[in-house]
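Okay, so here's the structure we're looking at.
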Amino acid sequence: MEVNRDEAERCIDIAEKYIRAGDREKAVKFLYKAEKLYPSQKAQALLEALLRNGTAAGGGSKPDMNGDGGETRRRKPATHSSAEDKENTQANGDIQHEYTSEQLEAVKRVKKCKDYYEILGVTKDAQEDDLKKAYRKLALKMHPDKNHAPGAAEAFKSIGNAYAILSDTKKRKEYDLYGEEKPQHTTNHRHRHYYYDDYTRGFEAEISPEDLFNMFFGGGFPTGEVHVHRRRTPRRHHRREEDGERRTATVTHAMWLQMVPLLLLVFMSLLSSLWVSDPIFSLSRRGDYNQERTTSNLKVVYYVKKDFLKEHQNSLLRIERQVEENHLDNLRTSCWREQQYKENMMMRARYYGDRELYRKAQQMTTPNCDRINKLYGG
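Pasting the structure below:
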């Protein structure tokens, strides 16, 4: 899968180093691993050369080390302690911490950003979907398990904190009103840039970046509430002393999104009981609604009371049109949930490199979406 391509190339680079060092066994091991992650002609050619010639470093000929002319890679400075090298190798699954110039530039970009909107790469009028899309893209690129460039962990935290604040309506208003605390300056004789030593920038979400990441890619949301509080400088503390201690805990915007349909249903039910008579029809059999009928156009099944025709004969066409509209609304809601679940499973599979999970996610059906296509032509 495309998401594993960088990791496969990293394994090929390591295999080439072992080839030059004359360690055939380890070179073969990493080439097999590269093939498993992302099959490529380069890995296959090196494997065939090693298996055919027996050893590549001791003989007169070596496989071409320049390969596909891929992007320049950089490595974290290593110490001369063999014990530390061994520990680092074991801790990272025999793969040294390498990173691309693009990964390093991505980290630098985040550190130079002056506000949360710039970190996520969205405008100040960005909606929830825009924030989610931006967070998904950046979090996958910047997660420390994938990006080993210096400062990637802090950049990852900054991205998570930016999303946590901007996705909370109340805290976003507060952030837009007061902004972040004054940034610390890092000055160079030739260049002047703004660098933020504190990833929270004065606004800190009490949900860790890892927990937020798991909410998107680990399946489900935390059951507890997410607290977000404003860290104040002494000057602002005096100005806003009347606010007291930390604000009351708020539920995340994502949790609210899940509850909105239920709250709307309860609200509409209360309105109906106060000001409106019993509904004319029901899409499910219940109580007095035990007379089954079918709309003449789309053949949608609905249920009415015994005296339905007597009271509503003259408005039958209008009622059936309303039945079909309600049915479509229900299908759309169910279809959206099916697509969201499938999309999240595929994103999770891509991140963890789980081919089996990705295959299962691709095979997941969306029956309510299929019904919409069948009844309404998409």
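The numbering of the sequence shown is the UniProt record's numbering, which starts it at 1 and goes up by one.
Every residue, glycine too, gets a C-beta built ideally from N, C-alpha and C.
Listed in chain order, the alpha helix (DSSP H) runs fully inside the region 306-369 are 308-312, 316-352 and 355-363, counting runs of at least 4 residues. Taking C-alpha positions only, Val-122 is separated from Tyr-352 by approximately 27 Å. Taking the Cα positions, Glu-320 is about 13 Å away from Pro-279.
Here Ala-43 has Ile-12, Leu-31, Ala-34 and Glu-35 as same chain residues with Cβ atoms under 6 Å from its own Cβ, once five neighbours each way along the sequence are excluded.
For Thr-295, no beta strand (DSSP E) encloses it, and the DSSP letter there is neither H nor E. The DSSP-derived three-state label of Gln-258 is helix. Assignment of Arg-285 by DSSP, reduced to helix, strand and coil, places it in the coil class.
Looking at the backbone, the Cα of Val-28 and that of Asn-373 are separated by about 50 Å. Following the DSSP letters along the chain, one finds Tyr-99 inside the beta strand (DSSP E) bounded by residues 98-100.
By the C-beta density criterion, Thr-100 is buried, having at least 16 other C-beta atoms within 10 angstroms. In this chain, Val-300 is not harboured by any alpha helix (DSSP H), its DSSP state being neither H nor E.
Straight-line measurement puts the Cα of Glu-174 at about 20 Å from the Cα of Lys-157.
With respect to Glu-292, Val-300 sits apart: the two C-beta atoms are not nearer than 8 Å. Unbroken alpha helix (DSSP H) stretches of 4 residues or longer found wholly inside the region 128-158: 128-142, given in chain order. Taking a cut-off of 8 Å on C-beta distances, the region 103-119 touches the region 152-168, as three or more cross pairs fall below it.
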